[in-house]
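Undergrad:
Residue numbers (the working numbering): 2 to 118.
#1: Using CA coordinates, which residue listed in 27, 77, 6, 26 is at the minimum distance from residue 40?
#2: Here's a check: name, in chain order, each residue in its chain whose Cβ is nearer than 6 Å to the Cβ of residue 91, leaving out the five neighbours to either side.
#3: Can you name the start and end residues of the alpha helix (DSSP H) that residue 33 belongs to?
#4: Just list the residues that DSSP pairs residue 89 with in beta bridges.
#5: Am I right that residue 46 and residue 84 are in contact with their C-beta atoms under 8 Å? What's the rounded C-beta distance?
#6: Please report the straight-line C-alpha distance between residue 66 and residue 2, rounded to a whole angstrom.
#7: Taking buried to mean at least 16 other C-beta atoms within 10 Å of its own C-beta, is residue 70 buried or exposed?
#8: Are residue 96 and residue 73 closer than 8 Å when you measure CB to CB?
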C-alpha cells in the first residue's frame, strides 16, 4: 500500500492545485486552489488554452482583476469536473488586510461559480 492509499484510510484527501489533469491519478475528495497555483498551471502547455478563451481575453482587456477571477472560476470548474466534493478558491492575498474587499471578491467569485452552474 502506498502512502496516499494509507492516508486515505484515515482521512479525506484534499488536493491543493490548479492542475486538474492530475486529479484522476490522485483521486482527492475535495480541492483548494489560489491565484498563484492557477497562474503556474496556466503557464503549462496543457492548460494554456484556458488563457485563450474569449471571455477571459476580453476581461483582461478591461480589468486584470476581473480576468483573474474568471480564470480562477474556469480552473475551479475544471477541478470540480474531476472530484466528487468541493473546491475552495482563495482570493488574492493582497486583499488580506481589507476585509470588505476580501468579502466583495469572494462574493464575486461565488456569483461567477453560480452562473457556471
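Don't be surprised by glycine CBs; every beta carbon is placed ideally from N, CA and C.
TA: The answer reads as follows:
#1: 77
#2: 35
#3: No alpha helix (DSSP H) contains residue 33, which is instead part of the beta strand (DSSP E) from 31 to 34.
#4: 33
#5: Not really, about 23 Å apart at Cβ, beyond 8 Å.
#6: 44 Å
#7: buried
#8: no
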